Every structure is written in structure tokens, then in C-alpha cells.
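As C-alpha cells, the structure follows; a few thoughts come after it.
There are 2 protein chains.
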Amino acid sequence: MNLNTVRYIIGTLLIVLGIAMIPSLAWSIYYNDGSINAFLYSTAASIGAGFLFRMKAVLSKDLGIREGFLIVTLGWLMASVFGALPFVFCKAVDTFIDGFFEAVSGFTTTGATIMTNIEALPRGILFCRSFTHWLGGMGIIVLFLAILPGVGAGGFHMFRAEVPGPSVSKLSSKITHTAKTLWYIYVGLSVLQTVLLLFAGLDLFDSLTHTFGTVATGGFSTKGLSIGAFNNPAVEIIILVFMTLSGINFSLYYYLLRRQWDRVYNDEELKFYLGVIVAATLLIAWNIRGFIPSKVDLLRTSAFQVVSIMTTTGYATANFDLWPALSKMILLLLMFFGGCAGSTGGAMKQIRVMILAKYCGRELVQTLHPKAVVPIKIGGKSVPDDVLRNLLAFSFIYIALFVLGSLFIASLGQDMITSISSVAATLGNIGPGFGGVGPESTFKEIPQVGKLVLSFLMLMGRLELFTVILCFTPRFWQEVRINQRSAHIVG
Amino acid sequence: MNLNTVRYIIGTLLIVLGIAMIPSLAWSIYYNDGSINAFLYSTAASIGAGFLFRMKAVLSKDLGIREGFLIVTLGWLMASVFGALPFVFCKAVDTFIDGFFEAVSGFTTTGATIMTNIEALPRGILFCRSFTHWLGGMGIIVLFLAILPGVGAGGFHMFRAEVPGPSVSKLSSKITHTAKTLWYIYVGLSVLQTVLLLFAGLDLFDSLTHTFGTVATGGFSTKGLSIGAFNNPAVEIIILVFMTLSGINFSLYYYLLRRQWDRVYNDEELKFYLGVIVAATLLIAWNIRGFIPSKVDLLRTSAFQVVSIMTTTGYATANFDLWPALSKMILLLLMFFGGCAGSTGGAMKQIRVMILAKYCGRELVQTLHPKAVVPIKIGGKSVPDDVLRNLLAFSFIYIALFVLGSLFIASLGQDMITSISSVAATLGNIGPGFGGVGPESTFKEIPQVGKLVLSFLMLMGRLELFTVILCFTPRFWQEVRINQRSAHIVG
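If you're matching them up, the sequences are chains A and B in order.
The numbering of the first sequence is this note's numbering, which starts it at 756 and goes up by one.
The numbering of the second sequence is this note's numbering, which starts it at 756 and goes up by one.
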């Protein structure tokens, strides 16, 4: 294990994080909202800790799969620990765990909050919350790879560990170039949405914060009633459209820019994703038709919650916890679908659900023809066996974590709906659930140990399970020691 | 498609079913309970229909995989249709669908009932309900293979389609011999339990009916409050032990009789099964410790519901719908585990859950060592790839049916807990669920179309999904036609 390089990169990450707090500081100075000191201390602590980490550490290109996993897991953990500081220093939260939960929820683009009176929070803190979404959406490590040259081949492991989805389409042979391209697209989408929200009547502060929450599929709002508070159909539609766009594989935008229309047009995952949105919207609209008299409002409200939940954003324009069981169960199901691979959306991802369905269909055919060899194809190409194997295991581990997590939250005394939906909503990086954690409630009432477990579920969900789980297995560390020992003997 | 043989076998099955109604007739004559005519008509209708089916049909040994699937699906459907007749004729149910639901629930050993006042039903009807459990438990087709010689190789497809679990251990090279052995063990367990229940103080009628419900992991009782009505700890313990025994692979009893102790001792699935029972019992006992003061009663009550739900029996000695969320969620989870392969228990089966867990563990190892070849072993033997593939697809289809079924029941206006648990309880052949279908409620209030869908889920669950699903795919019938045409051309 090349701990020197791990320390170097984590340290640099903390320095970057400290610098990234400066925009929030600027807003708190502009509004003079009383959180100035909190940001000064947090920035200093983060940068200081960064230099401590980097002490005597050097960057080498000798990065293996283990170093990659450790850097990503530790990087996100440390970012959340230091990201919690502004909340703690300005006393927006009662305990450090509450601050940590809020920071993890921000970076992982979950959007689950423990803040009960959001409008009373300092402006700088609100900006900071939303900005963590934006940093976490495309991936702080990906950002890092784009900025920091010379990480070399090991960077690919980190990149793969952080980019959502079962397979990574390298847009270019150089990982740095791919990372940069993704960030350009991300910034482009963000600028476009901010401008549109300004035109729709929001001020710059609300436009920026809600753009961060949308393009990152995060869900933190500056209002307690989320997007519903604006009562502005134009804002709802802009956010609806950009949530949909942010749930699409960002590679497709790259192909669009290069005018490779057919690659976009023939994308199976995109068709599946849009199909699910339309089907779920119509079903829920039918189910809640008694609640909303106007057909236009009905469709917009239904589509907004469907897209918000499925892309794992978590914004709301209605209290869907009051809807009939069918609508709630459809939303609960969509919590598992998530965005497309390579988007900023979380959960299992559309392509995994698609391939699972194809896998089951193939088995029906093979039961009748035991000796036939039937490949599973996506976009005309066979899915390789190792990708398939990983995808199946991923899905079962995802379901197992959901089940075990729900049982744990229930063991703390929460009811069944709250337990189930709080875990589905954090593991899938969505945000609100049902019952005690519904769209008009918060996670504040969950016991502290429950918040810690939910924080880890958010991290696991964001980093595609394996990365985080492996760092906590004895085997991961055992083999490191064996390798080092044998390296020593050989050396 | 050899429809001649299909007709012959289905016809014979209906004749056997008609004869199997005679014991129920005997009880209704003995108690003179007013259901004598209902049984006379039903027996006549069943035997009459049987001869109609067999008209001009001959038994040939030319049975393929398709014929096997069709015979099993159609056989169980027809048995349920004619099994509904006694309920309809004696007016124990309001509609034919209600009767069909009750008969399917009986044959599939589900034990979900629509009868609201069980104690008021004629004795013959109560016996008949429980007797359908007993016939369905080990499999009416397996019984058939044991009785009827000369079905030949095609019998294996039927056998495999009906025996629970991912792989069939042929106890002998002759399928007839295996079927007979399984039935001998089944009869042996039944006689033993009946005698013990007689000693514990039940009369012959209650001993027999509850033995049928236990060894078949069915769950129909002659009391509205199920086993709780007897208020007899000895009866509870006898039924607890025999439920546990009935959830074990029956092959192990065969090995025991042949004194192959090590094959039983080393059985991984058995250890896993017993481990899950102990763990779940302790967890629930801890969770409900406030409800039951005596520690002995607490453990017995907890173990009884755990074993009853997990073996998919469905008897109850407590209204577990009133328990805290954690206990209910553990029971809901166990609804998916089910019995061991080759037992009379339903749901996914212990071995599938075990192999899934090993599959996920292997993937974690392979993420660190992408090029390693790590086989999945059960009892020291590698699980073949095609078994693994089928098992993974089975699990996803099971989950998909659960999700789609729950959404459908919710679309009929049922609440979330009722929708989810009614589907889990029927697909897994358990019986009672939570909420509207809790242990002290019935399925009567589910709308008629919902009862039909739940009936099909029971059939699919009992026949291990693929058999039934394939019979309803266009491809199954398309290829039949193509095969027949090409056979015609070649001929």
C-alpha cells in the first residue's frame, strides 16, 4: 500500500475543500448573516489539516486498485468530516453527528436534511449546503483528476470508483481529458439552468442554490417546503427539465456536441429511462386524479415527483406522503431505479435494471432450450460476463443493504414505512422518504446511531457499494500486509 | 406437442382427485354435517370430467420438456377448479372465485383463507381443506408418478417442475422409486405427528387436519384463531417441531434411514436453516419481551411464529400483526427465505438465499483480483454455471413478481402493508400477512380480481415460477407450432 500517495492526495483534497468554502464565505459576508467566523475557522481547519496530511508525502504514479479504493473512500469521508465544520461552528446543528449527516447528505447528493427551520439558517450556510451537492455531483475526485495532472493509471481506478454506473465509457484515451470534458458539460448545464431560473423570477441566490441541487440530483433547497414554496409553474418546469437532463448519461451530451446523433438516438438506456418516466407519470396521475382538478397541474405535479424521486434528486412540489398507497409504492420502487449510468443520479441505475430484466427473459428462453447460447445485448453489443457478474452481485448487495439497513432502523423504534423509506432514500441518495422522513418532515428525529448508519449508506450508495465495503473488509488489509511483506522479502 | 398424453394424464389426475374426496365425504357422513351432497356432486363431477378428458387419449412415453410443463401447470389449475366445487356446492363461499382461491390456497399449501367464520363450516369441508394441503404438499404429480407406472423419461421434467428447490437430488436412478420414497417418508411423518397430537389431547379430527397443515407446511386450521385457539403448549411444541422437520430437505430423512449420518451432518443448507431460525427467534424474543412476561412462553411464541412463517406454514399462536415494526419486518423477510430445497416449504428456499450470499462475497473478492477464478461451493462441490444462472434469474423474477403483484393489489385500493404482505404471503405460499390480511383477518375483503391474481401467484410460487410463466408465453406455443409443422414436413 502506497500510503504516501494516499496521504498526498487526501491532503490536497482537503486544501481544495478549504478553498471551495470561500464562495460560501463570500455570501455570508455579503448578507452579513453571522456565519462569517464559522467559515473562516472551517477554511483554516480544512487547509491546515490538508497540509498536515501532505507533510513529507510525495505523489508517485504507483497507484494500484487498493490505493484507488482507499483514496476515494477516505477522501469522501474526510470531505464530509470537514464539510460538517461550518454547520457545527455556526451552531446550525446540535451535535457533530448531525453536521456530519448533513455534510454527507450534501456531498453524496442525497439531500436528506436534519434542519427543521431552513428559512432561519444563515445564507452562507444554505449556499454551502447546496455547493456541496455541486461538488459531489460530478465527483470531487473526478474534479481532482481534471485539475491535478500526473496521477497516471491509478487514476482510472479512482475514476471508475466514483463515476456512477456499471461501466465507464472513456470518452478519450486520457482519463484527465475525460474528466475535464465531463466537468465542462456539467458547468455548461449549470450556467444554462441558473440563467433560466433568473429569467423565471428567482434571485441569483435561489437560482444558484437550486441549480446546484438540480444538476447534481441533490435536493437541498433554501425553503422548508422545497420547490413547492415558490408556487411558480415556470420554475417547476425548468427544474423538472434539468432534473431529467441530469439523470441522463453525460457521455450523450459529449456525443451531441460532436454531432454523433445516432449514438444518442440509438441509446437503449435513454429510451428505457424516458419510458419509465412517462409510464410512472401517467400511472400516478391516474391514481391521484382526485387530488388535483386541473389536468395540466396534475401531469406537472405527477411528473415532477416521479422525475425528482427517480433521478434521486428529492425536490418536491407536493406532499406525496399523503398520496394513495399505489402512488407511494411506485415512488418507492423508482427509488431503486435511479439515474442512467454516467449521470449524476444515484441508486441502482437504469442500465442495471434493464440488464436484469433481459437476464430474466434470457433464462426463460434457456429453460426451454437448455443448450442454447443466448447473449445479452445492449445497443447491439453483448454484455461481457464479468460486467454481468458484477452487476448481479451489485444488485443483490444493494437489496441486502436495503433490508439490513431497514431492520436496523426499525430496531431503533421507528415504524415500518419510516424504516424502509429512510434506508431506500439514503442508500439511493434521494433524500426524502415517507412517514417520519416524508417530504415535509426531516431526519432529525432518527436516533444518532441511526444517522451514522444512514450516513454510511449514503456513502456506499454514492460510491457504488464495492469501493466502500472493500475498505472495511479484513481481507483488504490482510492482503496489503502480505503483499508488503513479500515485497520486503523479495526486495 | 403430444396433447393426447397431456389429456390422458390430466384426466387420470381428475379421477384420482374425485376419489381423494371420498375421505372428506366419509367425515361429512360421520358428522352428518349437511355437506354430503356437495361431496357427492363434486366427486361425480371430477371423475366424470376426468373420463371426458381421457376420451380417446392414450398414454405414450414421448413426453418432452414442454409437455411436462403443460401437464404440471394444467394439472394444478384443473385440480384447483374441481377442488373448488365442494365449497361452492355447500355454499361455504359466495362466488366461484372465492372457492377457487380457497382450493388453490389449499393445494399450493398456502393456507390463506377467505372463510370468516371457520368454526361454523361443515366438518367435511374443513377436512377437505386440510386434505388438499396434504395432497399438494409433496406434490400431486409426484404422487401420481409414484402410483402410475410407465410415464418414462418425461416424468422427470414434471417431477423437477413440482419438487421445490433449484436442483433435484434423484435418490435413485428410477424416478418412480424416488417419488415413492418421498411419499413413504411423508406418510411416516404424518402418522407420527397424528399420534403425538392425539396423545397431547386433540381428537382424531383435529389431529389429522392439523397434521396435514403442518407436514405440508400449509396452515389451514379448523379454528379461527389457528393453533392459538387450543391454548395447549404441548400441541404448540409438537406442531413447532414438525413444522421445522417439514421445512428440511426430505432427502436427508432418506439418508438417515440408510444411516448415512455424515451426509446429514455435513449438510450446509440444514445448518444455515437452523441458524436462521435461532437468530430470528432470539431477535424477535428480544423485541417483544415487553409483551410476554414468562421467558419460556416468550421463546416458544417467538420460535413458533418464526418457524411457521419461514417454513411457509402460516399457523399462528399470537397476533404478530400487533408486534413492533422490527419483528414484523423480520417475519416479512423470512417470508422470502422459505423451506429447504426438497422440503414441502415454499418461497425462495434456503439454499438459494445461501448461494446468493456466497455469490456476493465472491464478487467482493473478484473486485480485488479481477483475474482470479473463484468457484462457489456448497458442501465442497462447485455449483454448476447453469444452476447458478437459473438461480439468479429465479431470484430476480421472484422479486419482480413480488413488486408488480404488490403494485397491482395497491391499485385496487389496499394500503401499503396489506398490499406488500398479501403478495409476499401468497407468492411464498405462507398464508397470513399483516394489516388487512393479518393472522386474525382473512383475504375476504380483497376484490375478486385481486383474489384471482393472488391465486396465480400462489400457483407460480408453488411450481417454482418458470413452469407456469413459460406456459403463458407466446414463444412456448409458437415454437410448438413450428416444431409440429417441421415434424410434418420431415414426416
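Glycine residues also receive a C-beta, built at the ideal position from the N, C-alpha and C atoms.
None of these values were measured; they are calculated from a predicted model.
Measure the C-alpha to C-alpha separation of residue i and residue j and round it to an integer number of angstroms.
i, j, result
"residue 1193 (chain B)", "residue 1224 (chain A)", "37 Å"
"residue 992 (chain A)", "residue 1055 (chain A)", "8 Å"
"residue 881 (chain B)", "residue 930 (chain B)", "33 Å"
"residue 1118 (chain B)", "residue 760 (chain A)", "27 Å"
"residue 1039 (chain B)", "residue 1082 (chain B)", "5 Å"
"residue 951 (chain B)", "residue 1220 (chain A)", "51 Å"
"residue 1152 (chain A)", "residue 1041 (chain B)", "27 Å"
"residue 1243 (chain B)", "residue 829 (chain B)", "With a pLDDT of only 45 at residue 1243 (chain B), under the threshold of 50, the placement of this residue in the model should not be trusted; the figure read from the coordinates follows. Approximately 26 Å, taken between the alpha carbons."
"residue 958 (chain B)", "residue 1161 (chain A)", "44 Å"
"residue 1102 (chain B)", "residue 864 (chain B)", "11 Å"
"residue 1044 (chain B)", "residue 798 (chain B)", "50 Å"
"residue 1246 (chain B)", "residue 762 (chain B)", "For residue 1246 (chain B), the predicted model reports a pLDDT of 35, less than 50, meaning its position is unreliable and no value from the coordinates is stated."
"residue 897 (chain A)", "residue 1181 (chain A)", "22 Å"
"residue 978 (chain B)", "residue 831 (chain B)", "27 Å"
"residue 1016 (chain A)", "residue 1063 (chain A)", "27 Å"
Given that a residue counts as buried once 16 or more other Cβ atoms are within 10 Å of its Cβ, and exposed if not, what is residue i?
i, result
"residue 1060 (chain B)", "buried"
"residue 1012 (chain B)", "exposed"
"residue 986 (chain A)", "exposed"
"residue 964 (chain B)", "buried"
"residue 758 (chain A)", "exposed"
"residue 849 (chain B)", "exposed"
"residue 1263 (chain A)", "Residue 1263 (chain A) cannot be examined here, being either before or after the span of chain A that is shown, 756 to 1246."
"residue 1146 (chain B)", "buried"
"residue 1104 (chain B)", "buried"
"residue 1227 (chain A)", "exposed"
"residue 888 (chain B)", "buried"
With 9 Å set as the bound, which would you pick, yes or no: does the beta-carbon of residue i sit closer than that to a beta-carbon of chain B?
i, result
"residue 1045 (chain A)", "no"
"residue 1144 (chain A)", "yes"
"residue 1083 (chain A)", "yes"
"residue 1242 (chain A)", "For residue 1242 (chain A), the predicted structure reports a pLDDT of 46, less than 50, and the residue's modelled location is therefore unreliable. The matter cannot be settled from this model."
"residue 1200 (chain A)", "no"
"residue 885 (chain A)", "no"
"residue 1248 (chain A)", "Summary: the structure shown does not reach residue 1248 (chain A), with chain A confined to residues 756 through 1246, and so no result is reported for it."
"residue 1158 (chain A)", "yes"
"residue 1074 (chain A)", "no"
"residue 845 (chain A)", "no"
"residue 1245 (chain A)", "Confidence is the limiting factor: at residue 1245 (chain A) the pLDDT is only 42, short of 50, which leaves the residue's position unreliable, though a coordinate-based value still follows. No, because no Cβ of chain B sits closer than 9 Å to the Cβ of residue 1245 (chain A)."
"residue 779 (chain A)", "no"
"residue 1203 (chain A)", "no"
"residue 1092 (chain A)", "no"
Pick helix, strand or coil for residue i, following the three-state DSSP scheme.
i, result
"residue 1137 (chain B)", "strand"
"residue 1113 (chain A)", "helix"
"residue 1132 (chain B)", "strand"
"residue 1185 (chain A)", "coil"
"residue 1213 (chain A)", "helix"
"residue 848 (chain A)", "coil"
"residue 803 (chain B)", "helix"
"residue 775 (chain A)", "helix"
"residue 1104 (chain A)", "coil"
"residue 1229 (chain A)", "helix"
"residue 975 (chain B)", "coil"
"residue 1047 (chain A)", "coil"
"residue 1205 (chain B)", "helix"
"residue 1198 (chain B)", "coil"
Give a yes or no on whether the minimum CB-CB distance between residue i and chain A is below 9 Å.
i, result
"residue 1070 (chain B)", "no"
"residue 949 (chain B)", "no"
"residue 1079 (chain B)", "yes"
"residue 1122 (chain B)", "yes"
"residue 1228 (chain B)", "yes"
"residue 1060 (chain B)", "no"
"residue 1196 (chain B)", "no"
"residue 1105 (chain B)", "no"
### Task
Go through the region 1144 to 1184 of chain B residue by residue and report every complete run of the alpha helix (DSSP H) that reaches 4 residues or more, in order.
1171 to 1182
### Task
Pick out the complete beta strand (DSSP E) segments inside the region 935 to 970 of chain A, 3 residues or longer, and give them in chain order.
none
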